[in-house]
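The letter at position 125 of the sequence shown is residue 125 when you use our numbering, and the numbering goes up by one with no holes.
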Amino acid sequence: MENKIIVAAHGNYASGIQSAVELIAGKQEHIIYVPMYLNNEADYECLAKELLEKYCDTHHVIVLTDLCGGSVNRMFMAQLCHYRFHLISNMNLGLLLELALTTEPIDENLLYRLLTDQMVQGVYCNDLLKKIKKGGESI
1 MENKIIVAAH GNYASGIQSA VELIAGKQEH IIYVPMYLNN EADYECLAKE LLEKYCDTHH
61 VIVLTDLCGG SVNRMFMAQL CHYRFHLISN MNLGLLLELA LTTEPIDENL LYRLLTDQMV
121 QGVYCNDLLK KIKKGGESI
């Protein structure tokens, strides 16, 4: 099975991160970007179910959302008992690029490894600079 990544986020966050991914890694056909709550008329819950229905039986599906406990994340959380997919919140560009460029099937082990990898976590650069200066290195 191939990987399918669904990036769902409030407002234009999904299209913004799409722009960054495509600038760095080119167009990624296996990623679907879903901007949520751009208008009040769209049925986003129905859209989420349609995407999961379409891909969960034929792909390794990973859904990335912007905010843990936010409305987009809760919408997909509610679907975890109906569909088989991985749901990751608090996404960032580093994590998305790692997932986008992996050639292996995305499973729990890979996700745990990526989520604990320093590259995809936040880094307090002030402390990093102090460590570099202390070690006599340059940036």
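Virtual Cβ for every residue (Gly too), placed ideally from N, Cα, C.
Taking the straight line between their C-alpha atoms, what separation do you get for residue i and residue j?
i: TYR37; j: ALA25; result: 27 angstroms
i: TYR112; j: ILE106; result: 10 angstroms
i: GLN28; j: GLU2; result: 13 angstroms
i: THR116; j: ASN109; result: 11 angstroms
i: VAL163; j: LEU129; result: Residue 163 is absent from the model: the chain starts at 1 and stops at 139.
i: PRO35; j: VAL72; result: 10 angstroms
i: ASN39; j: ASN12; result: 11 angstroms
i: LEU96; j: ALA78; result: 22 angstroms
i: TYR44; j: LEU23; result: 27 angstroms
So residue i and residue j are in contact, right, with Cβ under 8 angstroms, and what is the actual spacing, rounded?
i: VAL7; j: MET91; result: 7 angstroms
i: ILE32; j: LEU93; result: That belief does not hold up - the Cβ atoms of ILE32 and LEU93 are roughly 17 angstroms apart, past 8 angstroms.
Going by the CB atoms, is the gap between residue j and residue i shorter than 9 angstroms?
i: SER67; j: HIS10; result: According to the sequence displayed, residue 67 carries Leu and not Ser. Taking 9 angstroms as the Cβ cut-off, LEU67 and HIS10 qualify as a contacting pair.
i: ILE62; j: LEU87; result: yes
i: LEU64; j: LEU114; result: no
i: LYS4; j: HIS30; result: yes
i: CYS46; j: TYR83; result: no
i: MET75; j: ALA48; result: yes
Starting from the N-terminal side, write out each stretch of the beta strand (DSSP E) that is 3 residues or longer and does not extend beyond the region 48-72.
Within the region 48-72, the complete beta strand (DSSP E) segments of 3 residues or longer fall at 59-65, listed in chain order.
Length-filtered (4 minimum) alpha helix (DSSP H) runs lying within the region 75-112
The qualifying runs are 93-101.
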